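Just below is one structure, and these are the notes that go with it.
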Amino acid sequence: MRAPGRARVAFAVLAAQLRDRPLRLAVTIGAIALGIALTAGVYFVNSSALTEFAQATRALTGGADLVVDGGRAGIAERLYPELARDARVAAASPVLEVDAALAAGGSLTILGVDPFRAGELEPALYGDLTSSFFDLVQPRAIALSAAAAASLGLARGDALAIRVGRDEVRLRVVAVLPETAYARRLGIMDIGAAQWALGRLGRLTRIELRLVPGTDAARLAAGLALPPGAVAATPAAVEGRAATLSRAYRVNLNMLALVALLTGAFLVFATQLLSTLRRRGQFALLRALGVRRAEIGLAVLLEGALVGLAGGALGTAVGWLIADLVLGRLGGDLGAGLLGGAPLAVRASPLACGAFVALGTAVAIAGSWLPARRVAAMAPARALKGGDPEFTLLDRRGRALGIGLLLTGAATAFLPPLGGLPLAGYASIALMLFGALLLVPQFAMAVLALLRPRDHAIARLAIAQLKGTVAQSAVSLAAVVVSFSLMVAMAIMVHSFRESFERWLGEVLPADLYLRIAPGNDTVVLGSAEAAAIAATPGVLRTEFRRSVPIALAPDLPTVALIARPLDAKTLAGLPWVVRPVGTSALTPVYVSEAVRDLYGAKPGSTLRLPVGGQLHAVSVAGVWRDYARSSGAIVIERATYEAWTHDDGATEGAAWLAPGASATAVAAALGRRLALGASVDFISTTRLKERSLAAFDRAFAITYALEAIAVGIGLAGVAFAFASQALGRRAEFGVLRHLGVSRRSLRLLLAGEGALVGLVGALYGLITGGVLSLVLVYVVNRQSFHWSLTLVIPGLELAAAAGALVVAAAVTATIAARAVLSPSAVRAVREDW
Amino acid sequence: MALLALQRVTRSYRADRPAVIEDLSFCLEAGEYVAIMGESGVGKSTLLNLIAGLDRADAGTITLDGTELTSLDDDAMTLVRRRSMGFVFQAFHVLPYLTAAANVALPLELLGWPEDRRAARVAAMLGEVGLAAAGERLPRELSGGELQRVALARALAHAPRLLLADEPTGNLDPRTAAQVLEVLRTQVKAHGGAGILITHSQTAAATADRSFVFDGRALTPRLP
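Residue numbers (our numbering), protein chains in the order written: chain F, 1 to 834; chain H, 835 to 1058.
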């Protein structure tokens, strides 16, 4: 028989085995499918959300090649004719974008456009507005997107009341655009009418340019003389800036999903290895019949590939369903509030789906590779005779490799971020995890050596059994160690984050009551009259007001929040410092968050140029403070300095210290009546604000907890499979024990004891490994992803409880998985030779 | 009173098939060492399982040392096996992850013997089967004959009242088989209990006090 024929024979024998053991096949396929489902699900969620966001952005920027963006501060209208007259510009469209406060509460994004100019960049707009084109140029006329009309319950001809300052402005709905026009909830007005109605005379938000074909957009952008605070960027860069906001969060989610895939891969490895060991007699027989080593190895790999193909296909389909469910319930940012949070549909290309099927296949092949090599290397004579399988992970090479990986991983953690992402940190975690896994047998033996129950035969049997089969036990332990250590690492990181966040809230919220202009609202500010009214409200002892405006320091990075607030000595002392202010400078001092320090190199003593009030102001970085609210950065400046630069004395936030005994709820109600700004202003007590902040934190990490639990579940599945697989080979052993007078209850105890020992070793090793990995997560990954520092806090009680639960779960799992050995037929297995 | 007594024991697995064991009565006295022969499939293993309490008779009684085994529940029967029975199998069934000494000690540990007494007994038993120096070796380091002797030492360590040997020499060469059979007989006689040897081999059967042929219904004495 030719070589391919022999390999085919070998594969046919294996396939028959698979058919004979449908449960094992199902477990292996299920492990792959689960890992792929989670990875694919997270990927589909991310890509769908970003695709949606990008499309929404492109819908707004239309056919523009370049966008001159002034941000929330805006740019002077006179820039528009200057740009429009440039010979390289084919068409220019001025846009005013304002988040207007609605009189009934909430806000609406209003785009003020020149319908004629906008249509040059986006001809479809003409079609959308065909019947109401000239209605739009009427004063106070507005066209609503379908989403806006639906959410506001408005139709053509209805009135829409917005709040501008203290005034209420009534607009008239002249059209509802088709759903295909704009997916977002927004309104469109004639730009002149918008400037007048929204109090933005002479100001634009951006100017969209279509360039003459062949014009280099980047070169043109670099050569433009723009006012401070304005940037010129291509639409792709605009999309990228927004995506950057959530990039680190999404990358972390992808890594979590990869945890599940990694654990699933270990389960495949464990099942393949143990099943090949169990079938060593059949492999030896095939060798005796003339099948070569390489052909048997090929058959094992082929078996793995088919399992992976089935698991990958199933996992991709389930991943799609998971993504559909999650997008519908939590939105594209999984509840983190970074991308809008509106329900979305899954968008994934056939190529992406095919890639995940291929990934599942690759993982299964990788998991089968070592077993294939071991099988091929087995001495058939010994395997035919029976006896202990000649398998070990305990060789010196494995130990040396393990130690080498640990050291290399530790060193890798000190590398800087790549492209703003903590890739070296992830690599460090993977290297150290692999290294730790190779040292599992050593650890297991060390722990088992410490356990010496004197007068308990069953316990001694369990320990002896594990010691005698530590190499095989190490395989089943691997899945537990991977999942539990990563769970421990994540738990320490999240707990540290939460504790640090809670402590930080206490530092940055010293007042009793807070008020702010409702988010997404550009048309209402608290002026000096409102500030005086607040300060004079009964029950209010002291007040402080702040102005927060976004400023752009770099075209390729999200805006930074400039926070103008009164900075007396007491206020300065109360900031959550990372680097306290020292020394003096002739320049105006500012205090930057860690993100600004990391992203812009704004170390203490360095100089920054801030585009404020239409000019660039040189300031000195005096100190660095911790800010968990804004991952893109914040800069604190003395309010008087800001007012001097901008002549803007409006405030967007305020804090009130109350008299002893004053009720925050009552004072908030009184303030609301005094200000009469309706839903444009939020009032919230410090207690409630802290509760709400912590709830948002927990919500953002809910998906993390779920993924951790699933990973641990996969690990336990590994224990279950290993015990079930070994149970078959131990039927005679358990039969002998029954003959020796060991009761069924004692045998269950033995199984539970072995499972508990596996769980104990896995938990202990997982705690140690996870503790080390958490250092990388806290001090490297988190720092490089979000640019904020955490204080390491270890949740001892929770980890102890988790370890205890794992031990119990492993005991229960092992007992259930191997219960077949307790049956009467198992007892008779001692005489199977008859 | 007989050490072991079977009274009209019947066992069938399917109502539409003849009983595997039908209306069998048999007695074994203390100090007796008997061999039971029979064709394959005749029910020898079933007989052993019934005596060991690992299977339940459909009818009849089995009594060991005055205790009616057929009336005991599983836990009680397990205790009887632990205290009063020893087993030797064709495939040895020595636990692979325990040393020879630990294997022999296992029944004593299950009975709660203190460590020093246990160690002394294990050493003695290993000496009696000619493996005094092999106590710390693992099963994979022992030959087939050595493994069977370890199994024999384990079966006799706690001086059981009844030793059941199921084709103990089936996997051994003739010389080793003879050694094992000699040890079997000597130990049974030395401890005052009784022994049943299931075998296909006439040579092995000849080492017993009496031989029987089992046909499912009766144990017919076999002439030498």
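Cβ atoms here follow ideal geometry from the backbone N, Cα and C, with glycine treated the same way.
Source: prediction; values computed, not measured.
Between residue i and chain F, is the shortest Cβ-Cβ distance under 9 Å, so that the two count as touching?
| i | result |
| --- | --- |
| H:Asp-850 | no |
| H:Arg-917 | yes |
| H:Leu-1006 | no |
| H:Leu-990 | no |
| H:Gly-946 | yes |
| H:Glu-949 | yes |
| H:Thr-1037 | no |
| H:Ala-891 | no |
| H:Leu-858 | no |
| H:Pro-1031 | The identity of residue 1031 of chain H in the sequence shown is Leu, whereas the question assumes Pro. Closer than 9 Å: no. |
| H:Leu-1059 | For residue 1059 of chain H there is no data in the structure shown, the boundaries of chain H being 835 and 1058. |
| H:Leu-862 | no |
| H:Arg-842 | no |
| H:Ala-993 | no |
| H:Ala-898 | The amino acid occupying residue 898 of chain H in the given sequence is Leu; Ala does not appear at that position. No, H:Leu-898 lies away from the interface with chain F (no Cβ there is under 9 Å from its Cβ). |
| H:Ala-925 | yes |
| H:Leu-960 | no |
Do residue i and residue j have their C-beta atoms within less than 9 Å of each other?
| i | j | result |
| --- | --- | --- |
| F:Arg-117 | F:Ser-93 | yes |
| F:Ser-754 | F:Ala-462 | What sits at residue 754 of chain F in the sequence shown is Glu, not Ser. Yes, they are a contact pair. |
| F:Gly-304 | F:Ala-233 | no |
| F:Ala-217 | F:Leu-66 | yes |
| F:Ser-593 | F:Val-624 | yes |
| F:Gly-74 | F:Leu-154 | no |
| F:Tyr-765 | F:Val-470 | no |
| H:Leu-929 | F:Val-736 | yes |
| F:Leu-198 | F:Val-169 | yes |
| H:Leu-858 | H:Ala-839 | no |
| F:Leu-658 | F:Asp-556 | no |
| H:Leu-837 | H:Val-922 | no |
| F:Ala-478 | F:Gly-311 | no |
| H:Gln-1013 | H:Gly-961 | no |
Using a cut-off of 8 Å between C-beta atoms, extract the partners of residue i located in chain F.
| i | result |
| --- | --- |
| H:Asp-908 | Ser-743, Arg-744 |
| H:Pro-941 | Leu-740, Gly-741 |
List, in chain order, every chain F residue whose beta-carbon is nearer than 9 Å to that of residue i.
| i | result |
| --- | --- |
| H:Ala-936 | Arg-460, Ala-464 |
| H:Leu-929 | Leu-461, Ala-464, Gln-465, Gly-468, Glu-733, Val-736, Leu-737 |
| H:Leu-932 | Leu-461, Ala-464, Gln-465, Gly-468 |
| H:Leu-913 | Gly-741, Ser-743 |
Between residue i and chain H, is any beta-carbon pair separated by less than 9 Å?
| i | result |
| --- | --- |
| F:Ala-457 | yes |
| F:Leu-740 | yes |
| F:Arg-454 | yes |
| F:Ala-814 | no |
| F:Trp-834 | With a pLDDT of only 29 at F:Trp-834, under the threshold of 50, the placement of this residue in the model should not be trusted, and no figure is reported. |
| F:Gly-387 | Bear in mind that a pLDDT of 49 at F:Gly-387, under 50, signals an unreliable position, so the model cannot answer this. |
Examine chain A for any beta-carbon lying closer than 9 Å to the beta-carbon of residue i, and answer yes or no.
| i | result |
| --- | --- |
| H:Phe-921 | Among the chains of the structure shown, chain A does not appear; the protein chains present are F and H. |
Quick one: measure Cβ to Cβ for residue i and residue j, integer angstroms, because I've assumed they're closer than 8 Å.
| i | j | result |
| --- | --- | --- |
| F:Ala-752 | F:Thr-815 | 5 Å |
| F:Val-164 | F:Thr-523 | 5 Å |
| H:Ala-1028 | H:Leu-996 | 6 Å |
| F:Leu-433 | F:Ser-476 | At roughly 17 Å, the Cβ-Cβ gap does not stay under 8 Å, so F:Leu-433 and F:Ser-476 are not in contact. |
Mind pulling the chain F residues with CB within less than 7 Å of residue i?
| i | result |
| --- | --- |
| H:Leu-997 | Residues of chain F passing the Cβ test: none, with the nearest at roughly 12 Å. |
Do residue i and the ligand MN come close, with the Cβ less than 8 Å from some heavy atom?
| i | result |
| --- | --- |
| F:Gly-281 | Among the components modelled here there is no ligand, and therefore nothing to report on the ligand MN. |
Beta strand (DSSP E) runs contained entirely in the stretch 632 to 672 of chain F, provided each spans 3 or more residues: Annotation: the stretch 632 to 672 of chain F contains the following complete segments of the beta strand (DSSP E) (minimum length 3 residues), in chain order: 634 to 638, 653 to 658.
field: Segments assigned alpha helix (DSSP H), at least 4 residues, entirely inside the stretch 69 to 134 of chain F
entry: For the stretch 69 to 134 of chain F, the full-length alpha helix (DSSP H) segments reaching 4 residues or more read 79 to 84, 115 to 121, 124 to 128 along the chain.
- request: Go through the stretch 444 to 511 of chain F residue by residue and report every complete run of the beta strand (DSSP E) that reaches 3 residues or more, in order.
  value: You should have found no qualifying run.
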